[in-house]
Amino acid sequence: MDHIKKIQMLDWVISKLQIPWIGTYILIMLGSLSTIFPLTLFYGVQIMVGSAAVLIALRLHGAIYGLVTFTVIHLLNNIIAGFEPRNLTVMMAHFIELLWMLGWQIRWKNGSLIKANAVFWVVMLLPVIYCGHYVLGLGIEDLKYEYMYIAVIGMVNALIAGIVVDFWITMGEQRLKRTGTIPLTRIAFKYVVAFVVFVSLVLLSADSQRQLSQMNDAILREMKYASSAVVQDLDEEYVTSENMEQNMARYHHLLGVNVILLDRNDTVIASGLDTLQPGGYLDMDRFNILKSKDNLMLKSSANIHYSDVLNHWRQAIFIYEAKMKNITPYRVFIVTDSSKYYPRIESIYLTTLQSLFIIIVASMIVAAPLSRKVVSPLLRLTRMTGSLPRILFRNGKLEWPTSHVTEVQILIGNLRKMADVLLEQFEQIRHDKLTLEDRVVERTKELKNSEEVKRAIIESSIDAIIAVDSNGQIVEFNPEAERMFGLRREEVIQQKEAPSLFQGASCIEIKKLLERFDYVEGKRYTIVDEISGIRRDGSVFPIEYKIVEIQLGKNETLYNLFIKDITERTRAEEDRVRHALALEKLNLELFNEKIAIQEQRDISEQFIESVREGLVMSDRSGTITIVNRRIEEMFGLGDFLGRSIEDLAQAIDTMVLTDNFNLLEQTKAFLDGETAFIETEFIFNNAEKSVFSLYMKQMDVPGKNHGFLLVFRDRTGEERLDRMKNELISVVSHELRTPVATIMGYVELMMMYDLPAAQQQEFMQTIASEGKRLSSLLDDVLDIQRLDNEGMTYHMTYVPLVELVEGVAEQWNMKSAQRIYVHTFNGDFFAYADQNRMVQVLHNLVGNAVKYSPGADRIDVTLWEEEEWLCLDVRDYGIGIAEQEKDMLFNKFYRVDNSDHRQIGGTGIGLYISRKIVEDHKGTLTFISAPGKGSTFKVRLPKQDVLV
636 MDHIKKIQML DWVISKLQIP WIGTYILIML GSLSTIFPLT LFYGVQIMVG SAAVLIALRL
696 HGAIYGLVTF TVIHLLNNII AGFEPRNLTV MMAHFIELLW MLGWQIRWKN GSLIKANAVF
756 WVVMLLPVIY CGHYVLGLGI EDLKYEYMYI AVIGMVNALI AGIVVDFWIT MGEQRLKRTG
816 TIPLTRIAFK YVVAFVVFVS LVLLSADSQR QLSQMNDAIL REMKYASSAV VQDLDEEYVT
876 SENMEQNMAR YHHLLGVNVI LLDRNDTVIA SGLDTLQPGG YLDMDRFNIL KSKDNLMLKS
936 SANIHYSDVL NHWRQAIFIY EAKMKNITPY RVFIVTDSSK YYPRIESIYL TTLQSLFIII
996 VASMIVAAPL SRKVVSPLLR LTRMTGSLPR ILFRNGKLEW PTSHVTEVQI LIGNLRKMAD
1056 VLLEQFEQIR HDKLTLEDRV VERTKELKNS EEVKRAIIES SIDAIIAVDS NGQIVEFNPE
1116 AERMFGLRRE EVIQQKEAPS LFQGASCIEI KKLLERFDYV EGKRYTIVDE ISGIRRDGSV
1176 FPIEYKIVEI QLGKNETLYN LFIKDITERT RAEEDRVRHA LALEKLNLEL FNEKIAIQEQ
1236 RDISEQFIES VREGLVMSDR SGTITIVNRR IEEMFGLGDF LGRSIEDLAQ AIDTMVLTDN
1296 FNLLEQTKAF LDGETAFIET EFIFNNAEKS VFSLYMKQMD VPGKNHGFLL VFRDRTGEER
1356 LDRMKNELIS VVSHELRTPV ATIMGYVELM MMYDLPAAQQ QEFMQTIASE GKRLSSLLDD
1416 VLDIQRLDNE GMTYHMTYVP LVELVEGVAE QWNMKSAQRI YVHTFNGDFF AYADQNRMVQ
1476 VLHNLVGNAV KYSPGADRID VTLWEEEEWL CLDVRDYGIG IAEQEKDMLF NKFYRVDNSD
1536 HRQIGGTGIG LYISRKIVED HKGTLTFISA PGKGSTFKVR LPKQDVLV
């Protein structure tokens, strides 16, 4: 499909380009672009195909369109590129060329464009030399260059135009059925010339570029040599301000170059040029600057007109800036003209264009007889094949040509074999004609007998058979069809159309069904569903309808309809479908009930497995029917599903620590019906000494064989929490009672006695200290509530840890027996934190270190930095922490269980608060400890790379 669309699009484009004004417009655009932006072969030599566009318009659309194309292209070129007087000469030459090509086309309508153009330039050789040299006064070399350049470009344009015209004729013949043809000799001639010309154009252009590049390298090499000599004189201080003029003349005489010296301000100090005096400035736009790895001669020639290129080289001046090896106050420039190199450059241009001109003319001279030689056998073969039918019918003898070209000789041999085969077939056809006449007579008799047999088969068929022609008219209607439809054969043959006997699928739909299948031996068929027959009385009855399409001839088709009345079969099918639907509905209901039961079972299993209590259910015989995974997690006794409830009770009894608890006896009492409900507790002998509550109840489910249910609940955590709560109440009451009792005692003394002022001041300080202690305890309790409810508020800023640690250490040094030592290593120790909360953490850690190292004389606080953390360690040398208590150390209200904890005191919430504060700061609080050797608490806070 995409390929067809592409062909249609190409046909549309070609048809539009056939319109003269559209084709001319396209040619004007292409010709103008190539004239304004020509292709540069090498410096000063450009290819412009504007003339090719003019010649194409002249050949395809006529003289008027050719002249319009010529005028518009040159007008656009002068407007955009700018008008120059020398363009008039070029326009005149191309106009004369156009008139010549127009006259040639009038004389030889389908003549070769390249031949006509080549003849024009050969004829114009002497007139151009005479007018240019004697009338205009141009030099012979300049005249030769301009003539050769215009002639070569003109012939190349004519060659391009000829190829495009031939291609257009070929495309037009294929797509638009044009009648124009192209002689084979012209095709051979043109493509031989094109190959030689374009290959020569590429090779000679490349060689010219190479020669100009070598010339550029030679100029650069000589100027580098001269610059090295000048630089050496400057480095050896041979050139001074007194002898600069003499040295400029010496360099011009010995090296053949002019030297220019500039100071740091680019002012001329000395110059070998008469046009540039000391004190002036050097205008770099006047020169071609030569640098290494830069081929200036091969740059774009867009600003150089072809008629000026030799004059351009005559006036060219090159300048090269020397590279200074040592630091000097001068910039050195070497200047030379092209007088020494111009003869070689002129020779390159003239030789290239002369070679191209000679190659083009010579290739046409050689290609003409060569193409005629190759094509001549084909021409003779064409004339002979035109008379081949006449010679065959007259039994004439053929004179076959010969050729030295292998492919042509093979073609002649194949045609000769074909002619022999045609002659044999002609004789065979003549003989077969006589035989065929005899067979037609015999076949006529056979067809008559076959028709009688076919009639007997149709009339005796138990199926209705109706034959219909391609127009829908009924041409056969057997007796069974008469009985089925209630119509006589005479009433329908050529009287009714087949669609009037049926209801359902239309003729168009039936044809679409048939088109899905391929013909097999000229036949194809299909079976049509959803169709009914119509009787004479208008009643409708279901039928089985098979249609066979038979191809009788090229444009003739016959349709045979084979019809069965399926009224009884349809009724039976309807009953079967009705029963099947009822059965399907029943199956669906059963399936839905099954799904509902399964969903209910899944919900029950999920519920049993998701509860935190252990569940065991047994039937009346004592067999466990339900047991969840929680039982195995609680007791670790394995899977008891399907086993006896007594086995489970006995296994649990062996691990129970509670006296007077016997689950086996209680289970037997349930099985015997003596007990219907029990609720008790026991302690299980595991690592945690877990406390379990047991709930047992008789299960009475109608129609089920379930006995009773056991529910085990792990109360270990609740017991621990109750114990901690009781201990907290005891500790807090003790901690509150002590400062309150102290405050009340001192207040009563002050009220009862008139104490001295000094003693009153001492009492007041004690009362204030105990009040602070009481306030601190209440703050800790409130902090726990805030932390648990995530309501703690932090005022974050950059905190100097060293100052905080030293401040806390100084406070504790004033009131503790131990000495607090602070050690810091390299780092700035600024943490992004809440300063008050950090002080609270430090007081808790240092306070614990003081309390739990009663016999030590020092506590060490160390600060240092790691790659991502600020590190702070608080180390004491006290009683340490037992291994079994380490996991619970940061729990709320937990205190280390040792013989002196009542003397040490505390609420067990300081470490819990400290850890929560550090973790809220994205840090960690850990510890290491050894009993009897002391503990080290480690605080790690994240470093901040950028201060906010």
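Just so you know, we're using the working numbering here: the sequence shown kicks off at 636 and counts up by one.
Yeah, the Cβ is synthetic: ideal placement off N, Cα and C, and Gly gets one too.
Per-residue DSSP class, three states only, for residue i
i	result
T987	helix
E1191	coil
T1258	strand
I1000	helix
H601	The structure shown does not extend to residue 601, since the chain is modelled only from 636 through 1583, so no value can be given for it.
P1114	helix
G1558	coil
T1315	strand
S1167	strand
P978	helix
M790	helix
S1488	coil
K1573	strand
Residue environment, residue i, which counts as buried when at least 16 other CB atoms sit within 10 Å
i	result
S604	Nothing in the structure corresponds to residue 604, since the chain is present only between 636 and 1583.
K779	buried
K825	buried
N1227	exposed
Y784	buried
S973	buried
I1097	exposed
W1447	buried
Y769	exposed
Y700	buried
D1535	Because D1535 sits at a pLDDT of 49, beneath the cut-off of 50, its placement in the model cannot be relied upon, and the following sentence gives the value as read from the coordinates. Classification of D1535: exposed, given that the 10 Å Cβ count is below 16.
V689	buried
Cα-Cα separation, residue i to residue j
i	j	result
E1267	G1569	41 Å
K832	I749	The amino acid at residue 832 is misidentified as Lys; the sequence shows Val. So the two alpha carbons sit approximately 12 Å from each other.
S862	T910	21 Å
T767	L773	It should be noted that the sequence gives Gly, not Thr, for residue 767. Straight-line Cα distance between these residues: approximately 6 Å.
L1223	I1230	10 Å
V707	I663	7 Å
S848	I804	43 Å
I1552	T1559	9 Å
T704	V996	27 Å
I1201	E1179	6 Å
L1390	E1397	11 Å
F830	D777	30 Å
I1548	L1480	11 Å
I1402	S1451	20 Å
T1571	E1438	21 Å
W756	T1041	38 Å
V903	Y955	15 Å
R1278	M1252	11 Å
Y1512	P1566	10 Å
V754	P762	14 Å
Endpoints, beta strand (DSSP E) assigned at residue i
i	result
L1507	W1504 to R1510
P762	Where P762 is concerned, there is no enclosing beta strand (DSSP E), although the alpha helix (DSSP H) it sits in stretches over L760 to Y765.
R1206	Careful: R1206 lies outside any beta strand (DSSP E), inside the alpha helix (DSSP H) at T1202 to S1245.
K1147	It is not in any beta strand (DSSP E) - K1147 instead sits in the alpha helix (DSSP H) that spans C1142 to L1149.
A905	V903 to S906
L917	Unbroken run through L917: none, as it is neither H nor E.
Extent of the continuous alpha helix (DSSP H) to which residue i belongs
i	result
K1578	Note, K1578: premise wrong, no alpha helix (DSSP H); not H, not E.
R1265	R1264 to F1270
M883	M879 to L889
Does the contact criterion of 3 or more C-beta pairs under 8 Å hold for the region 1090–1104 versus the region 1062–1080? no
Tell me whether the region 967–987 and the region 871–882 touch, counting them as touching only if at least three CB pairs, one residue from each stretch, are closer than 8 Å. no
I want to know whether the region 1115–1132 touches the region 1149–1164 - three or more CB-CB distances under 8 Å. no
Whether or not the region 1453–1469 and the region 1426–1436 are in contact is what I'm after, with contact meaning three or more pairs of Cβ atoms, one per stretch, closer than 8 Å; do they touch? yes
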